[in-house]
Structure formats: structure tokens, C-alpha cells
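As C-alpha cells, the structure follows; a few thoughts come after it.
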Amino acid sequence: MNLQYYGIRCICLLLAFSFSTAHTQILKKLKEGAKDLQDVARQVTATTKEVGNTTKTIHQTWKKDTARNIRYEQVPDYRTREEVSINKKQKLSVENGQFKNLVWEPVTKFDNQIFPSFIIGWASYKGVKEEDMGSSLGFTINTNLTGVVLKWEIESTDKSYFTIDSGYINCDDVRSTKLFMPHIAWNYRALTKHQTSAPLNVYFRLIDPNSGMKVEKLVNINLRSINDCITYFNGKSFQFLFTAFVNEDHPEIDKILKQMLDTKMIDAVLGYQWGPSYVDLQVAALWRVLHERGFQYSSITDNSGYNESKGLYSQTVRTFDNSLKTSQANCVDGTVVFASVLKRMGIRPVLITVPGHCFLGYYSNDTTHTDIRFLETTMLSSTAFVSNPKASVQKYDAVLAKIIPKGVKLSELNKAYFLEFLNAQVAGSDAFKKNLQKYGAQYITLLSVNDLRQYVKPIPLYE
């Protein structure tokens, strides 16, 4: 299997054995003495500065589409009845339920599957599209006739997702098979609440507007869960859709921010105002809140939408809302939860994908885009230090005093949580370095949420 595809399948197991071994090694480093803890802190800082020279960060990789309506840029395009000029002499004929002089087929992208996360993410995507996939449903048309105008219809038998959409296709100069992907008026509320895989019957119709003769085909489509996310299709990366699961607008974040203040680790949520060390302290406060909310690592990432033979790669990603309700998170889920809150705080998050795994990054300084901290969110349930705060703090108190921002006084428990946070930073740095050495920079992708947000909006929350 191609490593790039394998990486985006993101089974995220960090394979239980190797993950636990790496975790043990990190703990061993920390337990060797205060001097080593200080060295670890330096290692984290040094590793973050390698990013600018070794990996490709996805910032603005697409030009912004300036067309007032992208649909009119398609070939063949589609119009309303008032916008087309129908030749009364166009010679279309139907025999045995099929056009004799026009060949067409329904199009259902992604191995005959509909991914709600793609529909929602792609609907708001504003970049230049090499291929406008509309709403995943469409037609291929081939005819030697000239000046042909057709009416099209796409109708769902289950009206809860969409009812019927229609328009007119101008088929001028269609001398080869052309792809036509109209925009469908999906019910986004219904899509966001769809939690399982289910069949959906859809009718595709082409109609001669002069005679009213129509040809239709019924296609049974598999409607995926909102938690299924496409990562690769036909050799093209759709990893940017992970950022649709980041939701900085979720109302629960306000409660999380208050809980962060209640920990007394921080006095205020200030983003970058007090410098990198205070940025780390804010993230550490978030670490404590999510830990106390009982978040557990869950390795569930695979789903039946994955089909390697068809060039389709997808994985399960819980929405921010779903992760909060279940307190479970795989590698992408946990990264999405952290990224959602950090973006609300004004801290720039980055989703880092490597073969078989995803973890969090965030800029510690808003003036440069090279100094990134790494955080292994799958360690969120660790109690290596908080299980015995007194002993942990006694061992590392002198060094913590040098790492924690000046003037900040932390309780014994908060210092233990800061150690848990630092431990996860080390694991994140270690994951970055090992993947860089093993696979090379071409298999490490940094998805900058702030930069991609101009193209992809969050999956909305409906009460």
C-alpha cells in the first residue's frame, strides 16, 4: 500500500505496543532527574524550529475563486428555463426508455457513496476547483447533436435529505463525454444528524423540453455517517476536510474557557499577548480541563467507506460535539477538540498528519510561522504525574520554576498537570522527528486551521 494513502487512512493505533514503549521511554527521561527535564524542554523548543525547513505547511494552496457563481463556469453549464434558448427543431428521440442519439449516465462520486462531511465542507469551499464535484451527484453526457438543451432532475425518495432539484443543461459542442455536477439543495441539518450508514434511492432524469419525453435511472446510494471523512480519492488529497470538524463556534467552548480559569493555572485567556511561555500555560490549562472531563483515547478510526481498490480512503472522525458528549477521541478527534478551543482562544492550531497518525501543533508565536509546539493528544488520559502530585513536584520543582512563566504561582496539582502536558509535548516532538527520519518530509502534512478556514467552514451545530 502506498505510504501516503496508508498515512491518511490514519488507523491511529500508534500501535498500542509501540506507543506504550515510547511513552515509557519518555517517562524514563523525565524521571532521570531535573537536569534531564530541562534538556527535554530545550529539545521541544529545538524540534519546533525544524518545521519551517523540513515540512510543507498547507496555508493558501488554492487561489480564491472570483467567479460570481461557479456553476456558470462548468461545461456543460446549467440555467433556469428563462436563461436558455431552446431550439424547437432539436432532434431528440427516445426508444425503449432511452435516448437514441444521446448517451448519458448518472454520476455518484466516491464509489457510489455520499459523505455528509464532504457535502458540507465542499459547499463552503471557495478555492479554485480542478473538478467541481458539486454535491457528489450528477451526469455524464455524450451526443453528436448541436444546440441541444435538456432539462435535468435529481430526486431523492427520502425527502428528509433533499427533495428534487432541476435545471437546464446547454449541451452545445459536446463532442466527448462531459461531466456535469449540479448543486443540490441538501438539508444540512439532516446531514449533520446522520450517524450511520444507510441506503438512499435517488432518481436521475433527463427531459426533452420540447416533447416532454424523459429518461430516468434509479440509483441506490450509500449515505455515510457525518463522522466519516474522505482523506484521499483518485490520488487527490482531501485531508483539508479534517478542518471542517474543527468548530471554534461551539457554545460549549465558553464553558471550557471558564473551567480553564477555574483551575487557577491561568488568570485570563490572552492568546499570544504574554508570549510563548504563557501560550503553553494556557494550553496546559486546557489539558487539565479535558483530562478532568474524562477524555479517553479510542482507536476507532476505520469505516466501511474505505475502498482501496477504488482509490478511496476515509476514516472515522467524531464531530467536536460528539467527542464532548462521549468523552472519547481517536488521534484526529482529540486533535480536533484541542484545535477548536485553541482557535477560539486566538491561538493558531495546526493538524499534523503523518503515516498512520495525527497529532496537534500550535504556533507559540503569532509573529512567525516556524515555531510550532507539538502535542500528543492521545495521552490525554495519562496520570503519570497527577496520580502522585507531591512526589512529582518535589522531584522537578526547581526546573519547573524555570519553565513556568515568571510571576505565575501554581498549586502542587497544577504543577503536576503541567508535567503531564510537558510529557505530551515531548511525545509530540518525538512523533514528528521519528516520522521525519523514517518517511521524509513529503509524508508529513501540516494543516493550518486559520489559513484553511477561508476555504472550509465548520460542520454546523443544530440543536
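When you line the sequence shown up against this note's numbering, it's residues 6 to 468, in that order.
All C-beta atoms in this analysis are idealised placements derived from N, C-alpha and C, irrespective of residue type, glycine included.
Query: Contact check, residue 183 vs residue 146, beta carbons under 8 Å; Result: yes
Query: contact_flag[the region 416-425, the region 384-395] where n(CB pairs < 8 Å) is 3 or more; Result: yes
Query: Whole-Å CB distance - residue 3 paired with residue 440, under 8 Å assumed; Result: Lying outside 6 to 468, the shown extent of the chain, residue 3 is not represented and no answer is given.
Query: Residue burial classification, residue 143 (beta-carbon count within 10 angstroms, cutoff 16); Result: buried
Query: Residues that DSSP places opposite residue 145 in a beta bridge; Result: 110 and 184
Query: Spatial neighbours of residue 201 in its chain, beta-carbon cut-off 7 Å, leaving aside the 5 residues before and after; Result: 230
Query: 8 Å contact criterion, which residue 378 and residue 254 should meet: CB distance rounded; Result: 24 Å between Cβ atoms; not a contact.
Query: Buried versus exposed, by CB contacts within 10 Å (16 or more), residue 169; Result: exposed
Query: Separation of residue 248 from residue 452, as counted between CA atoms; Result: 8 Å
Query: Cβ-Cβ distance between residue 472 and residue 261 below 8 Å; Result: This structure cannot speak to residue 472, because the chain is shown only from 6 to 468.
Query: Contact the region 259-273 vs the region 355-371: 3+ CB pairs below 8 Å; Result: no
Query: Under the three-state DSSP convention, the category residue 461 falls into; Result: coil
Query: Integer Cβ distance of residue 171 from residue 156, believed to fall under 8 Å; Result: 6 Å
Query: Residue 261 - DSSP class collapsed to helix/strand/coil; Result: helix
Query: Exposure label - residue 206; buried when at least 16 CB within 10 Å; Result: exposed
Query: Per-residue DSSP class, three states only, for residue 439; Result: helix
Query: Contact under 8 Å by Cβ, residue 437 with residue 289; Result: no
Query: Residues that DSSP places opposite residue 233 in a beta bridge; Result: 321
Query: Where residue 348 falls: helix, strand or coil (DSSP); Result: helix
Query: Nearest-angstrom beta carbon gap, residue 296 and residue 434 [assumed within contact, 8 Å]; Result: With a Cβ gap of about 20 Å, residue 434 and residue 296 do not count as contacting.
Query: Where residue 238 falls: helix, strand or coil (DSSP); Result: strand
Query: Simplified DSSP state of residue 207, which is helix, strand or coil; Result: strand
Query: Beta-carbon spacing of residue 292, residue 401 below 8 Å; Result: no
Query: The alpha helix (DSSP H) enclosing residue 219, as first and last residue numbers; Result: Residue 219 -> not in any alpha helix (DSSP H); beta strand (DSSP E) instead, spanning 219-228.
Query: Closest Cα partner of residue 212 within the set 153, 242 and 235; Result: 153
Query: Spatially closest choice to residue 384 from 356, 336, 151 and 368, by CA coordinates; Result: 336
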